[in-house]
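Chains as they are written, first to last, in the working numbering: chain F, 1 to 114; chain G, 1 to 113. Idealized CB from N, CA, C, for every residue including glycine. A quick note: this is a predicted structure, and the numbers were derived from the prediction, not measured.
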Amino acid sequence: AQTVTQSQPEMSVQEAETVTLSCTYDTSESDYYLFWYKQPPSRQMILVIRQEAYKQQNATENRFSVNFQKAAKSFSLKISDSQLGDAAMYFCAYRSASNNDMRFGAGTRLTVKP
Amino acid sequence: SQTIHQWPATLVQPVGSPLSLECTVEGTSNPNLYWYRQAAGRGLQLLFYSVGIGQISSEVPQNLSASRPQDRQFILSSKKLLLSDSGFYLCAWSYDRGGAKLFFGSGTQLSVL
């Protein structure tokens, strides 16, 4: 079964600075999708960004971008110009193209300091 | 537009009591449906998912069960709750296609005392 590992339980960043959250995954498949979800204190799960494994180009959504290294099975999230509203739990997730389930990492709690 | 409803928002139940959490989706047909559990300050554990009526895949052996009596209804149940069943339960749905993202409900905080 696929596993997703987030090795940073907590991270902290100064407002307006940049932070990178790490994620690695284990799979034998070649076709899959990767996601970053944000869970603010409201506990609502919000999709931040999505990456197709067959695309070499890294996905970008405004201040959020990823560094997808398929050979290394690494999928990090970079948040630029951090804002107070970025403070949340961030979850990395993996979804196979052939299966219907989605696997999540343990999460990284991001604190943004004013 | 599609919406997902999950209730109740909070629930306090004694050990040994039954459980029924309900989730419904509106505005789409034949969605994939999911139940996740999140322990305090931890990640999401996939409990069950369903690709169609009556089709349930279980990920973790436990005293919980799931049912899908209608296309857009997903129910999480237990006959006798354990203390370890406490947690935050999230229902989610996705389109039935590869790589589709999940849309989550607002969750149910279950406390078993």
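Item, Value
"Using a Cβ-Cβ cut-off of less than 8 Å, give me the residues of the stretch 15 to 36 of chain G that come near chain F, in sequence order.", "N32, Y34, Y36"
"Starting from the C-beta of S106 (chain G), find all residues in its chain whose C-beta is less than 8 Å away, skip the five residues before and the five after it, and write them out in chain order.", "Q6, A9"
"Report yes or no: is there a C-beta of chain F within less than 8 Å of the C-beta of G52 (chain G)?", "no"
"Using a threshold of 8 Å, state whether the C-beta atoms of V19 (chain F) and L84 (chain F) are closer than that.", "no"
"If you measure between the beta carbons of L81 (chain G) and V60 (chain G), is that distance less than 8 Å?", "no"
"If we ignore side chains and look at the alpha-carbon of each, how far apart do G16 (chain G) and N63 (chain G) end up?", "11 Å"
"Residues of chain F with CB under 7 Å from S147 (chain G), in chain order?", "Residue 147 (chain G) is absent from the structure shown; chain G starts at 1 and stops at 113."
"Counting Cβ pairs, one atom from each stretch, are 3 or more of them under 8 Å apart for the stretch 34 to 50 of chain G and the stretch 81 to 97 of chain G?", "yes"
"Using alpha carbons as the reference points, say which of F:E15, F:K78, F:S22, F:A71 lies closest to S7 (chain F).", "F:S22"
"Within 10 Å of its beta-carbon, does I79 (chain F) have 16 or more other beta-carbons around it, so buried, or fewer, so exposed?", "buried"
"Going by alpha carbons, who is nearest to G43 (chain G) out of F:R103, F:E17, F:R95?", "F:R103"
"Tell me, to the nearest whole angstrom, how far the beta carbon of L113 (chain G) is from that of V12 (chain G); I am working on the premise that it is less than 8 Å.", "6 Å"
"Enumerate in chain order the residues of its own chain whose CB-to-CB distance from I53 (chain G) is below 8 Å, with the five nearest sequence positions on each side excluded.", "R68, P69, Q70, D71"
"Give a yes or no on whether 8 Å exceeds the smallest Cβ distance from F68 (chain F) to chain G.", "no"
"Within its chain, find whatever has a CB closer than 7 Å to the CB of Q69 (chain F); leave out the 5 residues flanking it on each side and keep chain order.", "none"
"Excluding the five sequence neighbours on either side, which residues of its own chain have a C-beta within less than 6 Å of the C-beta of P40 (chain F), listed in chain order?", "A88"
"Just checking: is the beta-carbon of L47 (chain F) within a distance shorter than 8 Å of some beta-carbon in chain G?", "yes"
"From which residue to which residue does the beta strand (DSSP E) around I4 (chain G) run?", "3 to 7"
"Is there a Cβ from chain F that is less than 8 Å from the Cβ of R68 (chain G)?", "no"
"Excluding the 5 residues flanking A59 (chain F) on each side, which residues of the same chain have their C-beta closer than 6 Å to its C-beta?", "I49, Q51, V66"
"Spatial neighbours of L33 (chain G) within its chain, please: CB distance less than 6 Å, with the 5 preceding and 5 following residues excluded, ordered by chain position.", "S50, F74, W93"
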